[in-house]
Ligand code: KG4
Ligand code: ZN
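Numbering (the numbering used here), first residue to last: 961 to 1296.
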């Protein structure tokens, strides 16, 4: 079954064709980073306009690259939640129109499920049940994936996502947007024990995350140094900040492995590209004899291939949408 998938939830427009949930026939991505860079973050209105300009041509390119016509496509899939509402609406309306005009089934896909499904592409034999940690610019969620379409949220961020903290700290340090990858490189050179930043936990919610306090602590550290005219060692800040993020992740995963008797774990999302987080989770899984699945770097950040992969399982599960489908920006514990 060949699914044409559309992704437009944030600042990447993407169209992809995926066969049977595992094989990527083509995937075109147009990042808006260069447009948003000068503002230091994504400007929602500009993102929506840029999606409108790109979505038709990217879809055509994905079909051409796959040497396919729309007649040969079996269904149209689209990210409908969570994300920026104006950005999501572009993809949703485009996909609805295409499905309606071409008499194809329409499949709605949750973006977080999509991130997890990037691993089904990379690991052809991977199947639920497993524990998944989705860490990205907009999400930090710990999930029990009971089956391809049955998601249970175990923990979620109470404030900022991990990626938001990476990007904010990077911005205050004068690194370009988004700063995650450069923070990763700086942290490799720095001393992670040089500065002690907080490791937040949430009372009575051992699996929830909170990154706004850490973000503020690092920003305060940088501002204090600036006021005193002291030079900041960016490598040490990046390494110490990353160590704090790694510890909070390791703490939740460690408890979950014991509490839920986890044997299989999956990482996903843009921040799962971080080499320090990967290394720390790899070590944790090795010690606990848990099989760990990581997406390749190319599938960590937003793309439509992961949406097409999840769409296949949604189709098999009968989770179809129709012309009434609307975008839903809400990022809560309901990963449906
Ligand atoms: O998954 P994604 O493309 O978008 C959302 O769904 O939010 O994730 C983008 C995020 C950005 O915050 C970016 O800084 C972060 O992923 N990121 C990284 C790394 N590469 C990308 N964060 C830490 N280390 C990295 N190597
Ligand atoms: Zn994402």
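Just so it is clear, CB atoms sit at the ideal spot from N, CA and C, and this is done for glycine as well.
- request: Give the C-beta separation of residue 1147 and residue 1202 to the nearest angstrom, bearing in mind that I take them to be a contact with Cβ-Cβ under 8 Å.
  value: 4 Å
task: Would you mind reading off the limits of the beta strand (DSSP E) that contains residue 985?
output: 983 to 991
- prompt: Which full runs of the alpha helix (DSSP H) of 4+ residues lie inside the region 1166 to 1201, going along the chain?
  reply: 1172 to 1187
query: Just checking, does the region 1246 to 1261 make contact with the region 1057 to 1068 on the three C-beta pairs under 8 Å criterion?
result: no
Residue 1116 - partner residues in DSSP beta bridges: 1101
message: Buried or exposed, going by whether 16 or more other CB atoms sit within 10 Å of the CB of residue 1005?
response: exposed
task: Please work out which residues of its chain come closer than 6 Å, Cβ to Cβ, to residue 1026, disregarding the five sequence neighbours upstream and downstream, and give them in chain order.
output: 977, 985 and 986
Helix, strand or coil at residue 1095 [DSSP, three-state]: strand
query: What did DSSP end up calling residue 1024 once you bin it into helix, strand or coil?
result: helix
field: Residue environment, residue 1225, which counts as buried when at least 16 other CB atoms sit within 10 Å
entry: buried
query: How long is the line joining the alpha carbons of residue 1296 and residue 971, rounded to whole angstroms?
result: 22 Å
query: Once you ignore the five residues that flank residue 1044 on each side, which residues in its own chain have a CB closer than 8 Å to its CB?
result: 969, 970, 1002, 1004, 1007, 1008 and 1289
message: Please output, in chain order, the residues near ligand 2 using a CB cut-off of less than 5 Å to any non-hydrogen atom of the ligand.
response: 1096 and 1262
- prompt: Which two residues bound the contiguous alpha helix (DSSP H) that contains residue 979?
  reply: That residue, residue 979, is in no alpha helix (DSSP H); its beta strand (DSSP E) goes 972 to 979.
- prompt: Can you name, in chain order, every residue of its own chain whose Cβ lies under 6 Å from the Cβ of residue 1230, other than the five neighbours on each side?
  reply: 1096, 1097, 1123, 1260 and 1261
field: Sequence-distant residues of the same chain with beta carbon closer than 7 Å to residue 1196, five excluded per side
entry: 1150, 1151, 1154 and 1155
Heavy atom of ligand 1 within 7 Å of residue 1144 beta-carbon: yes
- prompt: Just to check, is the beta-carbon of residue 1240 closer than 7 Å to a non-hydrogen atom of ligand 1?
  reply: no
Of the residues 1137, 1145, 1216 and 1221, the one placed nearest residue 999, counting alpha carbons only: 1137
task: Would you kindly work out how many angstroms separate the C-alpha atoms of residue 1047 and residue 1011, rounded to a whole number?
output: 7 Å
query: What are the boundary residues of the alpha helix (DSSP H) that includes residue 1142?
result: 1140 to 1149
task: Give a single yes or no on whether residue 1126 has its beta carbon closer than 7 Å to a heavy atom of ligand 1.
output: yes
- request: Would you tell me roughly how many angstroms separate the C-alpha atoms of residue 988 and residue 1248, rounded to the nearest one?
  value: 38 Å
- prompt: What is the rounded straight-line gap between the Cα of residue 1169 and the Cα of residue 1063?
  reply: 43 Å
- request: Mind checking who residue 1128 pairs with in its DSSP beta bridge?
  value: Paired residues: none, contrary to the question.
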